[in-house]
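Residue numbers (our numbering), protein chains in the order written: chain C, 211 to 488; chain W, 30 to 310.
What follows is one structure encoded as structure tokens, with my remarks underneath.
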Ligand SMILES: [Zn+2]
């Protein structure tokens, strides 16, 4: 593993043209993949795809945010910024997985949920909130993997899981570094500075209890060896999915709740410093 | 010349007002000037456009709960500094001193017309009501407490969203609180959300949108993404009423819009309709 990179250098890597996307990974990780479309309420969002696949011998449900590999693909998938119907499609497929006792694998790769008129009109907040709440009690194992960018609530909507893995250079953040700089300092150009103080790297996630595993990338980044990185992801899933499937579902749900329940740092009965006269 | 213009305006304004020395506030929605004391008398409701202004948690408690019935729980909890953000502890100390709050939410148990309920009241004066570790923990505990004691929950939301200074830890509070809401709900618990100005970002995308009944105060702002963010994405001005309570009701995300002066009795009725009653806890 390459541990010397700064968060900013990793962000650059994640934005490198040629970084593999979910469309590159699916054929190398899964044996079959039938894509399923639509939320049955409004439409079919192109920023989230979902379907049924086979991992080793096990049928699984795959839900993933889609980045484009070039400008045309990116336009088609709205730069991986989902609309509410994307999140509702994800939930529909997750519920279907629950019914047929299939584990769910979510791939996170988004700068954030789409911010626009139609997103607000169709309830972006409600769609994300509902996913978060429903995934918390979904009675089937859920594994999430952050492939590149995990931006804000738009990422978390696919991130309530039994275990979260990060690709080595992937990042997970409350808002994009650019958004962070513009909100806190009213200056989006301080993106690099924001990036380096926000604690958004895979190691930060493990330290803060957000992620459990870091999946190693080939030297120089995932784009240097697609076969190798796909193999690493598959190896991780082939280990974790059977492990989680073996667990009693009530135990698993309790552990899932506890995983998130314990994140947060505060003190109670604080002793406030007394200011003495000089 | 500009000075002349202001003098004319000032003169006109003074001619029509009874007492020019009395301070006024400007309504954030319709921009009308309102005498400060009149605004306070009306519990910060604009007499011209009915915009429902921001209240402190203390004011909200006093107009909502039976006298002396509200007992705060988990009061003395203060946030740590999970991502060692520059000057975050100092900033918080300053806000604690100014507001007398320990963070952006007050939680407790109280009675509304004799009916016992768990409640959380957010206060936008504290870092714009943003959700960090303390807000997340207190709201989670409130729902866990309510589930254990078979009590309803009413949350008055007011938030700019996630607490940036706590980074990813703040994002995870959305999962933590929503999880607790879900368990309370699965156990049959009744939860009313009262959206107040403003309810946006990570709070909208978590517990604020999960009420069995979602009420909003008139003319308040409700949304996921901020207005400026959307305007810069789409490069056009948004209509004035975009993301206001009435707009969100029209789009199907709000059950009812309730005036502040009727809120207490509406809440009491809804609690009653769900079989809630007086309980000593
Ligand atoms: Zn007004």
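Cβ atoms here follow ideal geometry from the backbone N, Cα and C, with glycine treated the same way.
Item	Value
Which residue's Cα is closest to the Cα of residue 294 of chain C: C:328, C:474, C:348, C:384?	C:328
Could you confirm whether any beta carbon from chain C is found closer than 8 angstroms to the beta carbon of residue 292 of chain W?	no
Answer yes or no: do residue 452 of chain C and residue 439 of chain C have a C-beta to C-beta separation smaller than 8 angstroms?	no
Leaving aside the five residues before and after residue 487 of chain C along the sequence, list all residues of the same chain whose C-beta is less than 6 angstroms from its C-beta, in chain order.	Reliability of the predicted coordinates at residue 487 of chain C is poor, the pLDDT of 47 falling under 50, and no value is obtained from them.
Compare the beta carbon distance of residue 139 of chain W and residue 94 of chain W with 8 angstroms and say whether it is the shorter of the two.	yes
Do you know how far the Cα of residue 89 of chain W is from the Cα of residue 300 of chain W?	18 angstroms
In chain order, what residues of the same chain lie with their CB nearer than 6 angstroms to the CB of residue 473 of chain C, ignoring the 5 residues before and after it?	419
Does any residue of chain W bring its CB to less than 8 angstroms from the CB of residue 477 of chain C?	yes
Can you list, in chain order, the residues of its chain whose CB lies under 6 angstroms from that of residue 75 of chain W, leaving out five sequence neighbours each side?	56
I'd like the span of the alpha helix (DSSP H) that includes residue 176 of chain W, first residue to last.	162-177
Look at the alpha carbon of residue 462 of chain C and the alpha carbon of residue 351 of chain C, and state the distance between them as a whole number of angstroms.	8 angstroms
Is the CB-CB distance between residue 111 of chain W and residue 475 of chain C below 8 angstroms?	yes
Measure the beta-carbon distance from residue 159 of chain W to residue 131 of chain W and round it to whole angstroms, keeping in mind my assumption that it falls under 8 angstroms.	At roughly 14 angstroms, the Cβ-Cβ gap does not stay under 8 angstroms, so residue 159 of chain W and residue 131 of chain W are not in contact.
Which of helix, strand or coil does DSSP assign to residue 390 of chain C?	helix
Going along the chain, which residues of the segment 252-264 of chain W sit with their C-beta nearer than 7 angstroms to a C-beta in chain C?	252, 253, 254, 258, 259, 262, 263
Using beta-carbon positions only, say whether residue 331 of chain C and residue 280 of chain W come within less than 8 angstroms of one another.	yes
Are the C-beta atoms of residue 245 of chain W and some chain C residue less than 8 angstroms apart?	no
Output yes if chain C places a C-beta closer than 8 angstroms to the C-beta of residue 215 of chain W; else output no.	yes
Could you name the residues of the same chain whose beta carbon sits closer than 7 angstroms to that of residue 272 of chain W, not counting the 5 residues immediately before and after it, in chain order?	250, 251, 252, 256
Tell me the DSSP secondary structure of residue 228 of chain W in three-state form.	strand
Say whether chain C places a C-beta atom closer than 8 angstroms to the C-beta of residue 210 of chain W.	yes
Step through the CB atoms of chain C and report whether any lies within less than 8 angstroms of the CB of residue 124 of chain W.	no
For residue 44 of chain W, which residues from the same chain have a beta carbon less than 7 angstroms from its beta carbon, with the 5 sequence-adjacent residues on both sides left out?	Residue confidence is low: residue 44 of chain W scores 48 on pLDDT, short of 50, so the model does not pin down where it sits. No coordinate-derived value is stated.
Determine the contact status of residue 261 of chain W and residue 235 of chain W, defining contact as a CB-CB distance below 8 angstroms.	no
Terminal residues of the continuous beta strand (DSSP E) containing residue 319 of chain C?	314-320
Name the chain C residues that come within less than 8 angstroms of residue 166 of chain W, Cβ to Cβ?	474, 476
For residue 431 of chain C, which residues in the same chain have their Cβ closer than 8 angstroms to its Cβ, ignoring the five residues on either side in sequence?	223, 226, 229, 379
Would the beta-carbon of residue 67 of chain W be found less than 7 angstroms away from any heavy atom of ligand 1?	no
Thinking just about the alpha-carbon of each residue, which of C:362, C:387, C:373, C:281 is nearest to the one in residue 202 of chain W?	C:362
Suppose you measure from the CA of residue 174 of chain W to the CA of residue 145 of chain W; what does that come to, to the nearest Å?	13 angstroms
Interface residues of chain C around residue 106 of chain W at Cβ under 9 angstroms?	476, 477, 478, 479, 480
Given 7 angstroms as the limit, tell me if residue 83 of chain W has its C-beta closer than that to any heavy atom belonging to ligand 1.	no
Of all Cβ atoms in chain C, is any one closer than 8 angstroms to the Cβ of residue 233 of chain W?	yes
Would a C-beta distance cut-off of 8 angstroms place residue 369 of chain C and residue 354 of chain C closer than the cut-off?	yes
Measuring straight from C-alpha to C-alpha, what distance separates residue 153 of chain W and residue 98 of chain W?	23 angstroms
Check whether the Cβ of residue 239 of chain W lies closer than 8 angstroms to any Cβ atom in chain C.	yes
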